[in-house]
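Asker: Residue numbers (this note's numbering): 5 to 777.
We treat Cβ as the ideally placed atom computed from N, Cα and C, and that holds for glycine.
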């Protein structure tokens, strides 16, 4: 089948969703200690913690408010182990967040799992989970007194929660201070404070009083408090200031907020650029760009890029930053110019660019990215005509697992609240040991983090400078994808700040715009598309050289051919699903393989699911409030039967062996509620699920190959798992592709016959997507 005969992917898949019921599964491990031992330990810890708190200078605490750490045993890392009963029983205690903590296995109660770890690997570090508890000293004393009541007065739930407490104490200074290299002397720092019940103006005054104790210039600080969330402060700090602030009780974390500038592309050798497009129209599909501004008079940008001067940081245009912004805008419009020579005329861009000057900030000698973040938070709600944004800058330094930066949280919050997509470069420190992990805000779980690849001798491989994964908890697979970013031997040719010229450069800053461009097209070129579906399409059509995702190329190299992205090849069909799903519910999605199909040989089934759960930045280890768990069922008729004594198990196709199945049931055998799945049912601890299955990731991409004979009305179930008591519905987009080796009929037509509500997506016409310049 030629490219002209490709057919559009099918939409309306959600019309074939079916709700399904599931029984609760899994089991909780036995508590690591007896109730008597646990309550005795807890009372001792509380008394010691109160004494430690009394040693903190008054100017480093909030009056009548103290934050303690309730450290749970490493077996209790899931949020379902939250001490809900404790907080309900003692309302003077308030939960204000959580995070992970590290502990050696010899220093915790010896549960069966801990003993196995000790036997297999020795006295290694493992992860536990701590819950931040806020109260007054009087409140914690009252809680301690309440522990003296008879055991019969404790609810069963509260007894179990107390048994899972490993330690009660204060956060240590080395747990607050993160990411500072030994040679760090001074610079801009981000401080994260716990939520407080104190009125905002009073709270801000108290925090600034603490900062004054450290000798910080308050005029140089920026303060941002989020509703029901932490307070972020950006301020200049030195080593002496760190020593003062590290014991501040309401301080959750501090880490560097260094901005190392952007590459200066002004003085590079130039060459003639191809001729600008002669089109008299521009695309109505817009990509928002936060960067250093741009020169709209450049002939390649004129008519296709604009600067929104009503949204800008309060600084003058700077030639270095403007040159970078112009180069990024050119990459969004035209991609790399490598394949064009000076006599070629560029095609009309498929998108247009709206620039918002986010750099430099007001003090060019002390770039404070909080000004840039403030701008982003103003633009996104106001510019409802833009749903995809590119960000090719951020603070230097690897992300930190136990602290979420304001930049990252801001992008995730805006993504959920306004249903937009951010495309973010992962950073260029991939060759610097200790600094090679992805940089904020590319760790945003709802953004597309973009790494860079380069090509040599026809082979594509990750660029050495491209920062690597993993990402943070709930977003481990980072970068999400990779795009061409060039290298010293094969640079990315981009627009120069000199009219009619191009320059060679490389970096993830220029790979990211390629993804933003294709993302905007996927989000706007057909009816009922969305930024969430565009994200799913980018991930679904990316190709990884090694098949499996990794921390270098993510899910693979992007497909920049929008026609291929939105169409099906011969003997292949793709169905799109879009809807939302509530926590603790499950749905069934059909895999589009017709009954009695004419397929032969192997069938490849690929599915991608992208969710949009809310996020909670007070809980870095449980950042997403819900996730989707997917299970593939190859056959709707193969069930498992378990004997009455639970010792025997048989799997039967109930269509082929109807009588035998009925006989087993009559003999007391139990038929499984669901058919036999492709995933095992072995119970895993929460940490194992996160490490092996990437549980709580908002993106799932899987592929399987099956013989045609093993498939009978296959389907996939999606279960929305909420953390704790969350009730927020989660939007999702899913794509399922079936590829068959041989098909004697017309697979596409047969799928539409079996599922008549499916219809090809409607591409928007040129009249809808282009306007006169």
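Tell me the DSSP secondary structure of residue 331 in three-state form.
Answerer: For this step, residue 331 is matched to residue 327 along the chain shown. The answer is helix: DSSP assigns residue 331 an H, G or I state.
Asker: Is DSSP giving residue 424 helix, strand or coil here?
Answerer: Start at 1 with the first residue of the chain shown, and residue 424 comes out as number 420. Here residue 424 sits in coil by DSSP.
Asker: Residue 148 by DSSP, collapsed to three states: which one?
Answerer: Stepping through the chain shown from its first residue, residue 148 is reached at position 144. Helix.
Asker: Following the continuous alpha helix (DSSP H) through residue 163, name the residue where it begins and the one where it ends.
Answerer: Against the chain shown, residue 163 aligns to sequence position 159. First-last of the alpha helix (DSSP H) with residue 163: 160-167.
Asker: How would you label residue 492, buried or exposed, when you count the other beta carbons within 10 angstroms and need 16 or more for buried?
Answerer: Reading the chain shown from its first residue, position 488 is the one you call residue 492. Exposed is the call here.
Asker: Determine the contact status of residue 258 and residue 404, defining contact as a CB-CB distance below 8 Å.
Answerer: The residue given as residue 258 occupies position 254 in the chain shown. The residue given as residue 404 occupies position 400 in the chain shown. Contact flag unset, no.
Asker: For residue 695, count the other beta carbons within 10 Å of its own beta carbon; 16 or more makes it buried, fewer makes it exposed. Which is it?
Answerer: Along the chain shown, read from residue 1 onward, the residue named residue 695 stands at position 691. With a pLDDT of 49 at residue 695, under the threshold of 50, the predicted position of this residue should be treated as unreliable, though the coordinate-derived value follows. Exposed.
Asker: Where does residue 633 fall in DSSP's three states?
Answerer: What you label residue 633 is simply residue 629 of the chain shown in a count that begins at 1. In this structure, residue 633 counts as strand in the three-state DSSP scheme.
Asker: Short check: CB of residue 394 to CB of residue 520, under 8 Å?
Answerer: Along the chain shown, read from residue 1 onward, the residue named residue 394 stands at position 390. Along the chain shown, read from residue 1 onward, the residue named residue 520 stands at position 516. Contact flag set, yes.
Asker: Should residue 425 and residue 478 be called a contact, given that it needs their Cβ atoms to be closer than 8 Å?
Answerer: Counted from its first residue, the chain shown places residue 425 at position 421. Counted from its first residue, the chain shown places residue 478 at position 474. Contact flag unset, no.
Asker: Verify whether the separation of the beta carbon atoms of residue 199 and residue 135 is less than 8 Å.
Answerer: Position 195 of the chain shown, counted from the start, is the residue given in the question as residue 199. Position 131 of the chain shown, counted from the start, is the residue given in the question as residue 135. No, the Cβ-Cβ distance between residue 199 and residue 135 is not below 8 Å.
Asker: Could you give the residue range of the alpha helix (DSSP H) that holds residue 47?
Answerer: Looking up residue 47 in the chain shown gives position 43. Note, residue 47: alpha helix (DSSP H), 39-58.
Asker: Quick one: is residue 560 near chain B, going by C-beta distance under 8 Å?
Answerer: You won't find chain B in this structure, because it holds only one protein chain.
Asker: Looking at the secondary structure, which residues open and close the alpha helix (DSSP H) in which residue 182 lies?
Answerer: Within the chain shown, numbered from 1, the residue matching residue 182 stands at position 178. Element bounds for residue 182: n/a, residue is neither H nor E.
Asker: Given residue 636, which residues of its chain have a CB within under 6 Å of its CB, disregarding the five upstream and five downstream residues?
Answerer: Within the chain shown, numbered from 1, the residue matching residue 636 stands at position 632. Within the same chain, residue 636 has close Cβ partners 682 and 720.
Asker: Would you be able to state if there are at least three C-beta pairs under 8 Å between the region 269-284 and the region 503-514?
Answerer: Touching, per the Cβ criterion.
Asker: Out of 542, 668, 727 and 602, state which residue places its alpha-carbon closest to the alpha-carbon of residue 620.
Answerer: The sequence position of residue 620 within the chain shown is 616, counting from 1. Per the Cα distances, 727.
Asker: So, for residue 440: in the same chain, excluding its five sequence neighbours on each side, which residues have a beta-carbon less than 8 Å away from its beta-carbon?
Answerer: Here residue 440 corresponds to residue number 436 of the chain shown, with the count starting at 1. The answer, listed in chain order, is 402, 433, 434, 471 and 472.
Asker: Is residue 530 closer than 8 Å to residue 570 when the C-beta atoms are compared?
Answerer: Working through the chain shown from its first residue, we reach residue 570 at position 566. Working through the chain shown from its first residue, we reach residue 530 at position 526. Against a cut-off of 8 Å, the Cβ pair of residue 530 and residue 570 comes out as a contact.
Asker: Would you list, in sequence order, the uninterrupted beta strand (DSSP E) runs of no fewer than 3 residues that lie entirely inside the region 205-241?
Answerer: Fully enclosed beta strand (DSSP E) runs of 3 or longer: 226-229.
Asker: Put residue 437 into one of helix, strand or coil per three-state DSSP.
Answerer: Position 433 of the chain shown, counted from the start, is the residue given in the question as residue 437. Residue 437 falls in the coil class under three-state DSSP.
Asker: Per DSSP, what are the beta-bridge partners of residue 73 in this structure?
Answerer: Looking up residue 73 in the chain shown gives position 69. Paired residues: 136 and 173.
Asker: Can you give me the C-alpha to C-alpha distance between residue 24 and residue 510, rounded to a whole angstrom?
Answerer: The residue given as residue 24 occupies position 20 in the chain shown. The residue given as residue 510 occupies position 506 in the chain shown. For residue 24 and residue 510, the distance between alpha carbons rounds to 50 Å.
Asker: Counting only the same chain and skipping the five closest in sequence on each side, list residues whose C-beta sits under 7 Å from that of residue 525.
Answerer: Mapped onto the chain shown, residue 525 falls at position 521. Closer than 7 Å at the Cβ level, and outside the excluded window around residue 525, lie 289, 354, 355 and 566.
Asker: What span of residues does the alpha helix (DSSP H) with residue 569 cover, start to end?
Answerer: The residue you call residue 569 lines up with position 565 of the chain shown. Taken as a continuous stretch (DSSP letters only), the alpha helix (DSSP H) holding residue 569 covers 566-569.
Asker: For residue 195 versus residue 137, is the C-beta distance shorter than 8 Å?
Answerer: Within the chain shown, residue 195 is the residue found at index 191, counting from 1. Within the chain shown, residue 137 is the residue found at index 133, counting from 1. Cβ distance not < 8 Å, so residue 195 and residue 137 don't count as in contact.
Asker: Using beta-carbon positions only, say whether residue 239 and residue 193 come within less than 8 Å of one another.
Answerer: Start at 1 with the first residue of the chain shown, and residue 239 comes out as number 235. Start at 1 with the first residue of the chain shown, and residue 193 comes out as number 189. Result yes, Cβ atoms of residue 239 and residue 193 sit closer than 8 Å.
Asker: Taking the alpha-carbon of residue 699 as reference, which of 716, 680 and 725 has the nearest alpha-carbon?
Answerer: What you label residue 699 is simply residue 695 of the chain shown in a count that begins at 1. The option with the nearest alpha carbon to residue 699 is 725.
Asker: Given this structure, state the Cα-to-Cα distance separating residue 17 from residue 771, to the nearest angstrom.
Answerer: In the chain shown, the residue the question calls residue 17 occupies position 13. In the chain shown, the residue the question calls residue 771 occupies position 767. About 28 Å.
Asker: Taking Cβ to Cβ, would you say residue 466 is nearer than 8 Å to residue 557?
Answerer: For the purposes of this step, residue 466 is identified with residue 462 of the chain shown, where counting begins at 1. For the purposes of this step, residue 557 is identified with residue 553 of the chain shown, where counting begins at 1. Closer than 8 Å, so yes.
Asker: On the DSSP bridge list, what partners appear for residue 736?
Answerer: As a working mapping, residue 736 is identified with position 732 in the chain shown. Residue 736 pairs with 583 and 615.
Asker: Quickly, what does DSSP pair residue 593 with across the bridge? List them, please.
Answerer: Working through the chain shown from its first residue, we reach residue 593 at position 589. For residue 593, which the question treats as bridged, DSSP gives the partners 720.
Asker: State yes or no: is the C-beta of residue 539 within less than 8 Å of the C-beta of residue 614?
Answerer: Looking up residue 539 in the chain shown gives position 535. Looking up residue 614 in the chain shown gives position 610. Against a cut-off of 8 Å, the Cβ pair of residue 614 and residue 539 comes out as a contact.
Asker: Which class does residue 523 belong to by DSSP, given the choice of helix, strand or coil?
Answerer: Taking the first residue of the chain shown as position 1, residue 523 is located at position 519. Three-state DSSP puts residue 523 in a helix.
Asker: Determine the contact status of residue 244 and residue 311, defining contact as a CB-CB distance below 8 Å.
Answerer: Here residue 244 corresponds to residue number 240 of the chain shown, with the count starting at 1. Here residue 311 corresponds to residue number 307 of the chain shown, with the count starting at 1. No, the pair does not count as a contact, with Cβ atoms beyond the cut-off.
Asker: If you draw a straight line from the alpha carbon of residue 740 to that of residue 628, how long is it in whole angstroms?
Answerer: The sequence position of residue 740 within the chain shown is 736, counting from 1. The sequence position of residue 628 within the chain shown is 624, counting from 1. Roughly 24 Å between the two C-alpha positions.
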